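Going by my numbering, the residue at position 90 of the sequence shown is 890; the numbering climbs one at a time, nothing skipped.
Backbone N, C-alpha and C define an ideal beta-carbon position, used for all residues, glycine too.
The model shown is predicted, which means the values in this text are computed figures rather than measured ones.
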Amino acid sequence: MQNQEKVNPRFDFNVGDTVIVSSLIAEGEKTRTQKFEGVVIAQKGTGITRTFMVRRVGTDEIGIERIFPEFSPLVENVEVKRKGAPRRSKLYFLRDRKGRRATYVKASKE
801 MQNQEKVNPR FDFNVGDTVI VSSLIAEGEK TRTQKFEGVV IAQKGTGITR
851 TFMVRRVGTD EIGIERIFPE FSPLVENVEV KRKGAPRRSK LYFLRDRKGR
901 RATYVKASKE
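Quick look at the structure:
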């Protein structure tokens, strides 16, 4: 069993926030930074095993979801573009929505 200690989060974001995740991608001998923008729909795990799921709507209204480990060295930065204030901890219901409603979460009053 893994030793779970209290670990401070690397980035300050919550479920419902629109974020831009910068991650390192290895292509042959070179590495480059790829940015993925979307809404955080879930956070799971504790400690260093913590992950978060980001969803965006691509071309032809196809939903794209990626899971990022928060403490991975391949995740360079998470920039919060817009704060959201959902009333749920998991936003899986956004999968069934189309168009703007698929990415809209009520804005935070901060």
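Pull up the distance between the alpha-carbon of Val840 and that of Arg855, whole angstroms please.
6 Å
Measure the beta-carbon distance from Thr833 to Glu876 and round it to whole angstroms, keeping in mind my assumption that it falls under 8 Å.
6 Å
Exposed or buried, Pro886, counting other C-beta atoms within 10 Å across all chains shown (16 or more means buried)?
buried
Helix, strand or coil: which one does DSSP assign to Phe811?
coil
Do you know offhand how far Asp896's Cα is from Gly838's?
16 Å
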